Amino acid sequence: MLPPIPDAFRWTDESWGPALRCRALEDLAPHLFTTRQLRLSSAADWQQVADAVGAAELAILTQVHGRAVVTASRGMGHPEADVLIGDDPEMALTIRAADCVPLLIADGASGAVAAVHAGWRGTAAGAATAAVEALARNFRSRPQDLVAAIGPSIGACCYQVGSELVDAFAAAGYERHLVDRWFSTPREGGLRLDVAGANRDQLVLAGVPEAQIHVAGLCTAMHLGVLTSFRAEKERAGRIAGVIRPRPRPSPRWPGDRRPC
Ligand SMILES: [Zn+2]
């Protein structure tokens with residue numbers, strides 16, 4: 044049984060089993076979020092991910108919980124960063140997560156895309172904001188043209204954290220009203236962090252229209268039939284991947300797109 048999801052998303056049937064796709068993002072770029080049914084432990088597993096989005100190659104980072112950005116290129120290796128951007132339709136951008144937020148972004152105007160890995164450290168560092176800024180810098184993307192999908196991550200329901208995280212967000216310069224919005228203390232006690240909500244708010248603050256940001260709203264710790272959670276499963280946790288490929292641009296009618304005089 045697949046958990047219910049908002050209308051903006053749909054479950055699809057892939058070679059390994061279920062995957063999650065965002066309807067609004069589908070119009071702009073082939074993408075998906077994998078499930079625990081794909082273990083991501085072998086080259087053959089990763090080939091299934093590439094095939095599912097029609098990519099020749101996957102760009103995969105060494106994730107370090109920061110805000111550094113890498114532009115995907117052929118044979119790039121696995122540089123340390125948490126944000127990938129690119130516009131090469133042969134290369135799908137890939138991030139891995141097991142509670143952290145997997146965030147996929149596409150620019151409807153330029154065709155460029157981004158993939159972001161943001162746990163609490165990356166969120167405090169502003170990884171989502173860094174992605175919007177890098178798309179603007181490298182591909183002239185305007186925030187109002189961006190569509191974003193926030194995949195499954197640990198929900199505030201299951202993400203009890205220490206007060207040092209509040210201090211870390213405050214030290215990173217976020218205004219008090221934002222920190223108060225992202226951290227809450229439910230009646231049963233324990234400080235909670237809404238890491239998906241914080242990323243959504245960062246995109247809005249960066250200029251992405253709220254109606255173009257879609258949150259799957261699936262808590263990884265509560266849906267272990269299809270997802271996987273480091274908090275819930277510790278060392279037994281697997282990973283899910285978020286992957287997005289720039290849509291091929293129509294080829295120019297004339298070589299170099301220059302019409303003869
Ligand atoms: Zn939960």
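If you number the sequence shown the way the numbering used here does, the last residue is 304 and the count never jumps.
Just so you know, even glycine gets a beta-carbon here, dropped at the ideal spot from N, CA and C.
The structure presented is a predicted model; accordingly, all values stated were derived computationally and were not measured.
(1) Under the criterion of a Cβ to heavy atom distance below 6 Å, does G162 qualify as lining ligand 1?
(2) Heavy atom of ligand 1 less than 6 Å from the Cβ of A93, yes or no?
(3) For R117 and V247, what's the separation of their Cα atoms in angstroms?
(4) From which residue to which residue does the alpha helix (DSSP H) around G165 run?
(5) Taking 8 Å as the threshold, find out whether the stretch 107 to 116 comes into contact with the stretch 145 to 155 through three or more Cβ pairs.
(6) Relative to ligand 1, is the shortest distance from any of its heavy atoms to the C-beta of M134 smaller than 6 Å?
(7) Less than 6 Å between the CB of M265 and some heavy atom of ligand 1, yes or no?
(8) Give the straight-line distance between the Cα atoms of G60 and L270, rounded to the nearest whole angstrom.
(9) Measuring CA to CA, which of R139, S272 and V258 is closest to A51?
(10) Take L189 and list the residues in its own chain whose beta-carbon comes closer than 6 Å to its own, dropping the five residues that flank it on each side.
(11) Quick one: what's got a C-beta closer than 7 Å to R243's C-beta in the same chain, skipping five residues either side?
(12) Label L267 either buried or exposed according to how many other C-beta atoms from any shown protein chain fall within 10 Å of its C-beta, with 16 as the threshold for buried.
(13) What does DSSP give as the partner residue(s) for W59 in the beta ladder?
(14) Quick one: does the C-beta of C143 sit closer than 6 Å to a heavy atom of ligand 1?
(15) Verify the CB distance criterion: does L267 have a CB-CB separation below 7 Å to chain C?
(16) For the candidate residues R66, S227, A211 and L45, whose alpha-carbon lies nearest to that of A167?
(17) Can you tell me where the alpha helix (DSSP H) holding G240 begins and where it ends?
(18) Using the beta-carbon count (16 or more within 10 Å), is Q90 buried or exposed?
(19) Would you kindly report the start and end of the unbroken alpha helix (DSSP H) that includes D94?
(20) Is any heavy atom of ligand 1 found at a distance shorter than 6 Å from the C-beta of G198?
(21) In the DSSP assignment, the beta strand (DSSP E) including D150 goes from what residue to what residue?
(22) Quick check: A199 and A174, are their CB atoms within less than 7 Å of each other?
(23) Taking only three categories from DSSP, how would you classify R66?
(24) Which class does H266 belong to by DSSP, given the choice of helix, strand or coil?
(25) Does ligand 1 have even one heavy atom less than 6 Å from the beta-carbon of C65?
(26) List the residues that DSSP assigns as beta-bridge partners of A191.
(27) Does DSSP classify R53 as helix, strand or coil?
(28) With DSSP as the reference, label T172 as helix, strand or coil.
Looking at the atomic coordinates:
(1) By 1-based counting over the sequence shown, the position of residue 162 is 119. Checking every heavy atom of ligand 1 against the Cβ of G162, none is found closer than 6 Å.
(2) Position 50 of the sequence shown, counting from 1, holds the residue named residue 93. Answer for A93: no, Cβ out of range of ligand 1.
(3) Position 74 of the sequence shown, counted from the first residue, corresponds to residue 117. Position 204 of the sequence shown, counted from the first residue, corresponds to residue 247. Taking the straight line joining both Cα atoms gives about 32 Å.
(4) Working through the sequence shown from its first residue, we reach residue 165 at position 122. Element bounds for G165: W163 to A168.
(5) no
(6) As a position in the sequence shown, residue 134 is number 91, starting the count at 1. Answer for M134: no, Cβ out of range of ligand 1.
(7) Counting from 1 along the sequence shown, the entry for residue 265 is found at position 222. The answer is yes for M265.
(8) Along the sequence shown, read from residue 1 onward, the residue named residue 60 stands at position 17. Along the sequence shown, read from residue 1 onward, the residue named residue 270 stands at position 227. Using only the alpha carbons, I get a separation of about 12 Å.
(9) As a working mapping, residue 51 is identified with position 8 in the sequence shown. Of the candidates R139, S272 and V258, the one whose C-alpha sits nearest the C-alpha of A51 is V258.
(10) The residue you call residue 189 lines up with position 146 of the sequence shown. Answer for L189: I148, D150 and V251, listed in chain order.
(11) Within the sequence shown, residue 243 is the residue found at index 200, counting from 1. Taken in chain order, the residues that qualify are I193, I256 and V258.
(12) By 1-based counting over the sequence shown, the position of residue 267 is 224. Exposed, since its Cβ has fewer than 16 Cβ neighbours within 10 Å.
(13) Here residue 59 corresponds to residue number 16 of the sequence shown, with the count starting at 1. Per DSSP, none; premise fails for W59.
(14) As a working mapping, residue 143 is identified with position 100 in the sequence shown. Checking the Cβ of C143 against ligand 1 gives no.
(15) The structure shown contains no chain C; it holds only a single protein chain.
(16) Taking the first residue of the sequence shown as 1, we reach residue 167 at position 124. Among R66, S227, A211 and L45, the Cα nearest to that of A167 is on A211.
(17) Position 197 of the sequence shown holds residue 240. From DSSP, the alpha helix (DSSP H) with G240 extends over V238 to L248.
(18) As a working note, residue 90 is residue 47 in the sequence shown. Q90 should be labelled exposed.
(19) In the sequence shown, counting from the first residue as 1, residue 94 sits at position 51. D94 -> alpha helix (DSSP H) spans A86 to V96.
(20) On the sequence shown, residue 198 is found 155 positions in, with the first residue counted as 1. Yes, Cβ of G198 sits closer than 6 Å to a heavy atom of ligand 1.
(21) Counted from its first residue, the sequence shown places residue 150 at position 107. Where D150 is concerned, the enclosing beta strand (DSSP E) stretches over V144 to D150.
(22) Position 156 of the sequence shown, counting from 1, holds the residue named residue 199. Position 131 of the sequence shown, counting from 1, holds the residue named residue 174. Result no, Cβ atoms of A199 and A174 do not sit closer than 7 Å.
(23) Residue 66 sits at position 23 when you count from the first residue of the sequence shown. Here R66 sits in helix by DSSP.
(24) Here residue 266 refers to the residue found at position 223 when the sequence shown is read from its first residue. Coil.
(25) The count along the sequence shown starts at 1 and reaches residue 65 at position 22. Not under cutoff, so the answer is no.
(26) Here residue 191 corresponds to residue number 148 of the sequence shown, with the count starting at 1. The partner list for A191 (beta bridge, DSSP) reads I148 and I256.
(27) Position 10 of the sequence shown, counted from the first residue, corresponds to residue 53. Three-state result, R53: strand.
(28) As a position in the sequence shown, residue 172 is number 129, starting the count at 1. The answer is helix: DSSP assigns T172 an H, G or I state.
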